[in-house]
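In the working numbering, the protein residues as written are 4 to 237.
The beta carbon of each residue, even a glycine, is placed where N, CA and C say it ideally should be.
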């Protein structure tokens, strides 16, 4: 068991509303579908090699529709200050997600520079990988656990693969995180049953092609989440 009693961030009760982030949005139509489904967070990707990449100014235009409805998250990977400055200035995100090899010192610098909460993404394949969160405790506001990229992949996330969700059972209840990696309408019931996460992050699982979000798949995913939660509550 991984106990982190010193983790100060309060974790949302599992009995309350589940946070859901639809990530890699690029169009008005798919953003509208995410908001209609009840997304608590909407993510915009600023990693040039990703098929989900969007320009900061366009993300800023899109995120206006989410104001007062969902938190807008800027997703970066080892971005420099100049690019982060542009993203923050043009998009006005509510949160920064760091999906690269950022150190705890770098996370601290970014938080101080922008005064925004930070979600640190960490790759997971086995229980021992969860030990990597220890240096970030008290620094990162939230964690995102994603599957490790397959060999040869240039993308730190959004690869559509899952890890063994059962390893998350060893986390202390105070660890606030989002589960990511390979989620879709068909397996979300298993993910909720095995990991009982406080938040979900989905990208490729609601796409008809890499980088192409499908409003129908987004709606289907939210329906599957509701059905799984209704079943578990029965």
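Between the CA atoms of residue j and residue i - distance to the nearest angstrom
i: residue 207; j: residue 123; result: 20 angstroms
i: residue 165; j: residue 147; result: 13 angstroms
i: residue 73; j: residue 131; result: 33 angstroms
i: residue 101; j: residue 79; result: 5 angstroms
i: residue 63; j: residue 128; result: 34 angstroms
i: residue 53; j: residue 214; result: 8 angstroms
i: residue 32; j: residue 65; result: 10 angstroms
i: residue 77; j: residue 234; result: 33 angstroms
i: residue 226; j: residue 220; result: 10 angstroms
i: residue 160; j: residue 236; result: Low confidence applies to residue 160: its pLDDT is 48, below 50, so where it sits in the model is not reliable, and the reading given next is rough at best. One C-alpha to the other measures close to 31 angstroms.
i: residue 169; j: residue 145; result: 20 angstroms
i: residue 222; j: residue 202; result: 17 angstroms
i: residue 88; j: residue 57; result: 16 angstroms
i: residue 162; j: residue 139; result: Its pLDDT being 49, under 50, residue 162 is placed unreliably in this model, and the coordinates cannot settle the point.
DSSP state of residue i mapped onto helix, strand, coil
i: residue 76; result: strand
i: residue 184; result: coil
i: residue 191; result: helix
i: residue 166; result: coil
i: residue 203; result: strand
i: residue 50; result: coil
i: residue 91; result: helix
i: residue 23; result: strand
i: residue 133; result: helix
i: residue 110; result: helix
i: residue 101; result: strand
Nearest-angstrom Cβ-Cβ length linking residue i and residue j, presumed shorter than 8 angstroms
i: residue 186; j: residue 133; result: Not confirmed; about 18 angstroms, so no contact.
i: residue 126; j: residue 98; result: At roughly 20 angstroms, the Cβ-Cβ gap does not stay under 8 angstroms, so residue 126 and residue 98 are not in contact.
i: residue 47; j: residue 75; result: 7 angstroms
i: residue 85; j: residue 110; result: About 18 angstroms; that fails the 8 angstroms criterion.
i: residue 204; j: residue 211; result: About 19 angstroms separates the two Cβ atoms, so there is no contact after all.
i: residue 184; j: residue 150; result: 4 angstroms
i: residue 60; j: residue 114; result: Their Cβ separation, rounded to whole angstroms, is 24 angstroms, which puts residue 60 and residue 114 out of contact at 8 angstroms.
According to DSSP, residues forming a beta bridge with residue i
i: residue 145; result: 122
i: residue 150; result: 127
i: residue 215; result: 212
Min CB distance residue i to chain B below 8 angstroms
i: residue 38; result: Reference to chain B is not applicable here, since this structure consists of a single protein chain.
> Hey, is the region 65–75 in contact with the region 30–43, meaning 3+ C-beta pairs nearer than 8 angstroms?
Replying inline: yes
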